[in-house]
Each structure stands twice: as C-alpha cells, then as structure tokens.
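Per UniProt numbering, the sequence shown starts with residue 1, numbered consecutively.
Heads up, the thing below is written out as structure tokens.
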Amino acid sequence: MWFKKKIEVPSEIIDFNVFPPEKEKFLCIGAAVTRFAEAKRAVQPNYLKLYFPEKYKKNIVKYWLPMFGISTGENAKALIESWISENSYAAVVSEDTKGKVQKEIQKAARKQETDVQVLMSASEKISDSGAFDMERLGYIIRVCFTLDLIKEQDAWMYLEMLYKLAQEHYENWEEYIVSYSNENEAMNTSWYKDIIIDYLAIKQGKENIFDKYPLK
C-alpha cells in the first residue's frame, strides 16, 4: 500500500512459511487478498507470516487495523470470532450485481489471458456473499499473527474453521471467489476489488495452491 518498489522478503520469513500439506491447504483462505495486498513485498499467497518493513508496520498498526477496531490481541480474536460466527450465507444478491460480477470476470480474463468458463458457470449458480468476510479474515488473520497479536496455533485454528466452512458452502474455489465478488460488487466497495484478477494470477503462477488443494 505504501511502497512502489518490490521489496524482497528476508530468508527467515521464507523459511518459516514452509508447511506440510495438511496446514498449507488452509492458506487458500485469504490467498487472493494476500496476493493483492502484499505483491509489492514479494509475499506469496501461501504465507502465514508476512513481511512488514518497519515503516509499513507502523502504518498498519496506526491506520489499517483500527478500521476493524483492532488494537490488541484480545479485540483481534474477538473480531475474528464474531465475523466467523455471525457470517451469513443466506443473503441473495440481485441479478444486477451478478451481471457486474460477470463483467469483472470477463475483464480479468482479458487481463490474464485465460479461460474463465468455470468462473462464469459459478457466477450463474452462486447468489450468496458469505465468502466476502471469510476471504478478508484470511488476510486479517495473517496480519494479526505477523504482528504478534495472535498466536500461531490460533491462526491455524481460525483458518481451519474458515476452510471447513468454505467446504460446507461451496463446491470449488471458483464458487468461493464469486461469492466474495458478489458482496464486493453489491457494496460497491474498493476493498481489494480486483480479487478475481489475483485469483487467476495465482492459478497461473508457481504457487498455485488452489489447484494443489481443491476445495473438495
């Protein structure tokens, strides 16, 4: 957010972020938002611990976390747990919103030069927006762990909970990403709006954890 040049991640961060498959798969939650937010810092979507240079860390603590009411480990856990327990998968978005999502899919297809037939099919089927808070939480959990607001075991616990909820409500990652995009378009927010582009970029990259760990 505050850097224009790509910043390399220290080796100790890279070494830390090597996990067995039974843990790494949970990092599919929040992967697309992580890629969007952390691309300038060369952070991979399958990282749990991010890399925050000192100036960036101060801005995260001063400006970004307070938007969610987070200032301590206690209220970080309270926010995460309330978002998980109160999330709704029943709300239905309008046909107009679905049309906007389909336009975003087509735009992403042109940018990434890739086939999006599965995403388009998902956009016809999925009318809820439950994945919006799930995907945001996937990134918030990473940030809170990186800043020592929550313990590693808590981060994995929350990510596993979200992963299982994704399995319960969606057949594949395309449906999950469409659900995220439904709320983004319905709210007309700029909160990491181009997430479909980032999802497709991960699918085309070396760290393609979505194909490595299918949702079902």
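Virtual Cβ for every residue (Gly too), placed ideally from N, Cα, C.
Pair within 8 Å by beta-carbon distance, residue i and residue j
i: alanine 78; j: leucine 149; result: no
i: residue 220; j: glutamate 183; result: The first residue shown for the chain is 1 and the last is 216, placing residue 220 beyond what the model contains.
i: glycine 138; j: valine 61; result: no
i: alanine 108; j: glutamate 174; result: no
i: glutamine 102; j: glutamate 207; result: no
Residue i, DSSP secondary structure in three states
i: phenylalanine 3; result: Low per-residue confidence applies at phenylalanine 3: pLDDT is 45, beneath 50, and the placement is therefore not dependable, though the value from the model is reported in the following sentence. Residue state, collapsed to three classes: coil.
i: phenylalanine 68; result: helix
i: proline 21; result: helix
i: aspartate 128; result: coil
i: residue 254; result: This structure cannot speak to residue 254, because the chain is shown only from 1 to 216.
i: valine 93; result: coil
i: tyrosine 180; result: helix
i: tyrosine 199; result: helix
i: asparagine 87; result: coil
Outcome for residue i when other beta-carbon atoms lying within 10 angstroms are tallied against a minimum of 16
i: glutamine 204; result: exposed
i: glutamine 167; result: exposed
i: phenylalanine 52; result: buried
i: glycine 69; result: exposed
i: valine 143; result: buried
i: aspartate 198; result: buried
i: glycine 130; result: buried
Interface flag, residue i vs chain C, CB-CB below 8 Å
i: aspartate 148; result: Protein chain content of the structure displayed is limited to a single chain, and chain C is not contained in it.
Expected contact under 8 Å - CB spacing of residue i and residue j to nearest Å
i: alanine 155; j: leucine 65; result: So it is not a contact: roughly 15 Å between Cβ atoms.
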